[in-house]
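K.L.:
Going from the sequence shown to the working numbering is simple: count from 1 and add 20.
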Amino acid sequence: MTDLRTERGLAVELSDLTRIYGPVRALDGLTLHIEPGELVALLGPSGCGKTTALRILAGLDTATSGTVSVGGKDLTRVPASKRDMGMVFQAYSLFPHMTVIDNVAFGLKMRGRDGAARRTRAGDMLDLVGLGEHADRYAHQLSGGQQQRVALARALAIEPSVLLLDEPLSALDAKVRVQLRDEIRRVQIEVGTTTLFVTHDQEEALAVADRVGVMNAGRLEQLAPPAELYSAPASRFVGEFVGLSNRLPAEVRGDVTVVLGQQVPVLPGSATGSGHALVRPEAVSVVADAAGPATVATVMFLGPLSRVTCSLADGTHVVAQLASSDALRLEPGDPVRLEVAPEPVLVIA
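Here you go:
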């Protein structure tokens, strides 16, 4: 993380947060530290508590217990209107009777900034998100992706201490989501605002965040940089939830396990004795072999990569992800040999 981002951002601390709704414990002792200028994504299934955590940080909900602080200041009992946070939701929530630039300047107007200053600031934010030439249009004249860019510009215009993004891309089509996802990351790095991004989309979280937190049943299962989270899951839930994994029979012997007849290292937290190794598809190689113990079942073309499913003699299916140039040489029914890369795997009981 650059020094500039650290200088501009403030640290966020959620300490031992619980939130109970009747019989439901939406948060169960959540503790999360976000570094100044950092973008942390909270990822997890519906009902895991990620949006509840964001709403408590925003002041839109109240924790049953625990504390919230920003920049070392306790905000636990401070109302949302006094927390100096910018928010972008799934719904664009633009004022239909206002032009784009007036939408972006609205928060500044509420803070008493004079007309010339707020128009200049709003114009700068529109330039930042690539919509400067659309300043005088209305919401209905913009695409969904453009409207969400306006919402982002509006959130940033007030120079918030923290930016909160709650499923901001889920209403957009796939191509626009990727474009705006990359735009959000570019803007966040340039502005340096400490950011909490809530999403159920794994690709989104892994692509934009400095660190990703995986939540399950109100608890934080793991918080780590994207590459570490993917390659070294700390628990069975993380290993099975993030990305695709084969569950292959494995026998742990000390600090290694035998998978498909090959020895590979095991990750900390792995089960002992017999279990199942979680092996990523890209860690499996498929080699044409007339005497091979596996058979190609299907070949699925996905562009530059293809997914090849093979069947073992005992009926176990193994999925491999290969370059399409290699995968398309294989056909259903071909005998093959499977090899596993010597990378650490998590073995579950």
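Backbone N, C-alpha and C fix where the C-beta goes; we use that ideal spot for every residue, glycine too.
Thinking just about the alpha-carbon of each residue, which of Asp186, Glu302, Gln166 and Thr140 is nearest to the one in Ala73?
P.N.:
On the sequence shown, position 53 is the one that residue 73 refers to. Here the closest residue by C-alpha is Asp186.
K.L.:
Starting from Gly127, trace the beta strand (DSSP E) both ways and give me its first and last residue.
P.N.:
Taking the sequence shown and counting its residues from 1, the one referred to as residue 127 is at position 107. No beta strand (DSSP E) contains Gly127, which is instead part of the alpha helix (DSSP H) from Val120 to Met130.
K.L.:
Starting from Arg231, trace the beta strand (DSSP E) in both directions and tell me its first and last residue.
P.N.:
Sequence index remark: in the sequence shown, residue 231 carries index 211 (1-based). Counting along the chain, the unbroken beta strand (DSSP E) around Arg231 starts and ends at Arg231 to Asn236.
K.L.:
Nearest CA to the CA of Ile209: which residue from Ala78, Leu37 and Val60?
P.N.:
Taking the sequence shown and counting its residues from 1, one reaches residue 209 at position 189. The option with the nearest alpha carbon to Ile209 is Val60.
K.L.:
In the DSSP assignment, find the unbroken alpha helix (DSSP H) run with Gln341 in it and report its ends.
P.N.:
Position 321 of the sequence shown, counted from the first residue, corresponds to residue 341. Gln341: not part of any alpha helix (DSSP H); member of the beta strand (DSSP E) spanning His337 to Ala343, first to last residue.
K.L.:
If you compare alpha carbons, which of Ala111, Met145, Asp334 and Leu80 is closest to Arg97?
P.N.:
Taking the first residue of the sequence shown as 1, we reach residue 97 at position 77. Out of Ala111, Met145, Asp334 and Leu80, Leu80 has the C-alpha closest to the C-alpha of Arg97.
K.L.:
What span of residues does the beta strand (DSSP E) with Val328 cover, start to end?
P.N.:
Within the sequence shown, the letter at position 308 stands for residue 328. Unbroken beta strand (DSSP E) run through Val328: Leu325 to Leu332.
K.L.:
Whole angstroms are fine: how far does the CA of Asp221 sit from the CA of Gly165?
P.N.:
The count along the sequence shown starts at 1 and reaches residue 165 at position 145. The count along the sequence shown starts at 1 and reaches residue 221 at position 201. Taking the straight line joining both Cα atoms gives about 17 angstroms.
K.L.:
Within 10 angstroms of its Cβ, does Asp354 collect 16 or more other Cβ (buried), or is it exposed?
P.N.:
As a first step, residue 354 must be located in the sequence shown, where it is residue number 334. By the neighbour-count rule (16 or more Cβ atoms within 10 Å), Asp354 is buried.
K.L.:
Among residues of its own chain, excluding the 5 on either side of Ser85, which ones have a beta-carbon nearer than 6 angstroms to its beta-carbon?
P.N.:
For the purposes of this step, residue 85 is taken as residue 65 along the sequence shown, with counting starting at 1. Counting only Cβ-Cβ distances below 6 angstroms, and skipping sequence neighbours, we find Thr38.
K.L.:
Quick check on this structure: which residue in Thr292, Leu264 and Cys330 has the alpha carbon closest to the alpha carbon of Arg300?
P.N.:
Residue mapping note: residue 300 aligns to position 280 of the sequence shown, counting from 1. For Arg300, the nearest C-alpha among the options comes from Leu264.
K.L.:
In the DSSP assignment, the beta strand (DSSP E) including Phe217 goes from what residue to what residue?
P.N.:
By one-based count along the sequence shown, residue 217 stands at place 197. Here the beta strand (DSSP E) through Phe217 covers Thr214 to Thr219.
K.L.:
For Val182, is the classification buried or exposed, using 16 other Cβ atoms within 10 angstroms of its Cβ as the cut-off for buried?
P.N.:
If you number the sequence shown from 1, residue 182 lands on position 162. With 16 or more Cβ atoms within 10 Å of its Cβ, Val182 is classed as buried.
K.L.:
Let me know the beta strand (DSSP E) ranges lying completely inside the stretch 290 to 323, each 3 residues or longer, listed in chain order.
P.N.:
294 to 299, 304 to 308 and 314 to 321
K.L.:
Taking the alpha-carbon positions, what's the Ser163 to Phe126 distance?
P.N.:
Stepping through the sequence shown from its first residue, residue 163 is reached at position 143. Stepping through the sequence shown from its first residue, residue 126 is reached at position 106. Those two C-alpha atoms are separated by around 21 angstroms.
K.L.:
Could you name the residues that DSSP lists as bridge partners for Thr38?
P.N.:
The residue labelled residue 38 in the question sits at position 18 within the sequence shown. Paired residues: Asp48 and Ser85.
K.L.:
Within the continuous beta strand (DSSP E) that includes Ile178, where are the two ends?
P.N.:
Indexing the sequence shown from 1 puts residue 178 at position 158. If you look at Ile178, you'll find it isn't in any beta strand (DSSP E); DSSP assigns it neither H nor E.
K.L.:
In this structure, does DSSP put Gly106 in helix, strand or coil?
P.N.:
Here residue 106 is taken as the residue at index 86 of the sequence shown, counted from 1. Strand, per DSSP.
K.L.:
Skipping 5 residues on each side, what residues in its chain have a beta carbon closer than 8 angstroms to that of Glu370?
P.N.:
This structure gives no information on residue 370, because the portion of the chain shown stretches from 21 to 369.
K.L.:
So which of Gly233, Val207 and Arg206 has the shortest CA-CA distance to Thr219?
P.N.:
Position 199 of the sequence shown, counted from the start, is the residue given in the question as residue 219. Closest by alpha carbon: Gly233.
K.L.:
Near Ala369, which residues of its chain fall below 7 angstroms by C-beta distance, leaving aside the five closest residues on each side in sequence?
P.N.:
For the purposes of this step, residue 369 is identified with residue 349 of the sequence shown, where counting begins at 1. If we look at Ala369 and ignore the five residues flanking it on each side, its Cβ neighbours are Ala291 and Gly295.
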